[in-house]
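Following my numbering, the numbering of the sequence shown begins with 125 at its first residue and continues without gaps. Each residue gets a CB set at the ideal place from its N, CA and C atoms; glycine is no exception. All figures in this text were calculated on a predicted structure; none of them were measured in a lab.
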Amino acid sequence: MRLRWLGIGLVLLVPSLAFAGDTKKSAKTFDAKPRLVPFRLTDTHHTLVRVKINGKGPFNFIVDTGCPVFLIAEPVGKKIGLKTEKGWAILDSLHMEGGLELKKVKARVETPFQIEGMNGMGLAGVELHGLMGYTVLAKYKMHFDYTEKQMLWTPLRTEPLPPVRLKGAKAATGGMDMMVSLVRILTFFAGLGPPPPPQPRGFFGFEMEMRNKQVIVARVLADSPAAKAGLKKGDRITNTADNEVGSIAQVLERASKITAGKTLTLTIERGKKSQDITITADDGF
């Protein structure tokens, strides 16, 4: 009898150990590290992020909590060669400015009338290429900082539920088609047009943080323009082009006006010494 109970105990114990091992393995593979994602406000005050899709881009996407999916405008889908099935595509990679990257993202490829209308009238100040909706945003806990123009995205273990088409939604698209036609007519009569080709801001390759009311270099990417210029983690930024700075937003505002090939001069303090560092912007992202 003892041997029988011992055998049952071993049978129960082994799966438990295996389950514990799987849990431990799963815990190791999950990366919960928060990521900083920079953004800008369009002329219409929409939150805009830059992304690369399958290594191509960058493209301008509006962060839209009211959109149920990750939506790519049809011209962009054709440009990067997306293969679609009934209007859907699986992206190999979705890379956001700041370093955050997602794999195997399901996306809807179609041009919503909002994007077509805003691009047609040049309302946003830049060309818009799509909407970043629930199926991407719900994977993260998000903090928006409009003073520093950056978001903090913290990965969640839960997977968002897939969107479900509402009954009768197909029949209701007639109103949307009418809206698109109306926007085109208004654009024509108003004499409005799309904005001029964008001049992408330069890439420098460093991150900042506020520490004791000082702007400190928190990270310098390897082989980046900042690293090649000699900027180091822990440097305190005091000036940009002879203008004193007291916040990250001030540095970003001045850096955002610099395009690839042009330079940004920072005055930094390292230890007790002050020096100027000139960084030549790359087209990086």
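Spatial distance of residue i from residue j (CA atoms)
i	j	result
D167	E251	11 Å
G179	H219	8 Å
F330	I361	12 Å
F163	I186	10 Å
L388	L160	22 Å
D347	T404	13 Å
L429	P182	There is simply no residue 429 to check, as the chain begins at 125 and stops at 409 in what is shown.
G326	E209	36 Å
K396	F328	25 Å
V173	L226	15 Å
I204	H253	12 Å
Q399	A384	23 Å
P286	V175	22 Å
K228	I177	11 Å
P199	S217	19 Å
D269	N184	19 Å
Cβ neighbours of residue i in the same chain (closer than 6 Å, five flanking residues each side left out)
i	result
Y282	Here the sequence assigns Thr to residue 282, which means Tyr is not the residue at that position. So the list is empty, once near-sequence residues are dropped.
R394	D359
A231	F194, I196, A213 and L215
P158	L276 and T278
A351	V344
C191	L255 and G257
T171	F163 and V187
Buried versus exposed call for residue i [16 or more other C-beta atoms within 10 Å across all chains shown]
i	result
R335	exposed
P349	buried
D188	buried
D407	exposed
I392	buried
G211	exposed
H267	exposed
E221	buried
S150	Reliability fails at S150, whose pLDDT of 47 lies under 50, so the model's placement of it is uncertain and the value that follows must be treated cautiously. Label assigned to S150: exposed.
G223	exposed
H169	exposed
G201	buried
Close beta carbons around residue i, own chain, < 7 Å, minus the five adjacent residues each side
i	result
P284	Y258, T259, A262 and K263
Q338	R360
E333	I340 and A342
K265	T278 and L280
T402	A353, T387 and T389
Same chain only: Cβ atoms within 8 Å of residue i, ignoring 5 sequence neighbours per side
i	result
T364	Q374, V375, R378, A379, L388, T389, L390 and T391
K207	A213
K381	R325
R343	F330, E331 and K357
K386	G326, T404 and A405
If we count Cβ pairs, one from each stretch, closer than 8 Å, do we get three or more for the stretch 347 to 356 versus the stretch 367 to 380? no
Continuous beta strand (DSSP E) assignments of at least 3 residues falling wholly in the stretch 165 to 245: 171 to 177, 180 to 187, 194 to 196, 212 to 220 and 225 to 233
Using a Cβ distance threshold of 8 Å, determine whether the stretch 153 to 170 contacts the stretch 263 to 281, with at least three qualifying pairs required. yes
At least 3 beta-carbon pairs within less than 8 Å: the stretch 269 to 276 vs the stretch 238 to 245: no
Under 8 Å: do the stretch 218 to 236 and the stretch 189 to 197 share three or more Cβ pairs, one atom per stretch? yes
Length-filtered (3 minimum) beta strand (DSSP E) runs lying within the stretch 322 to 401: 330 to 335, 338 to 344, 360 to 364 and 387 to 394
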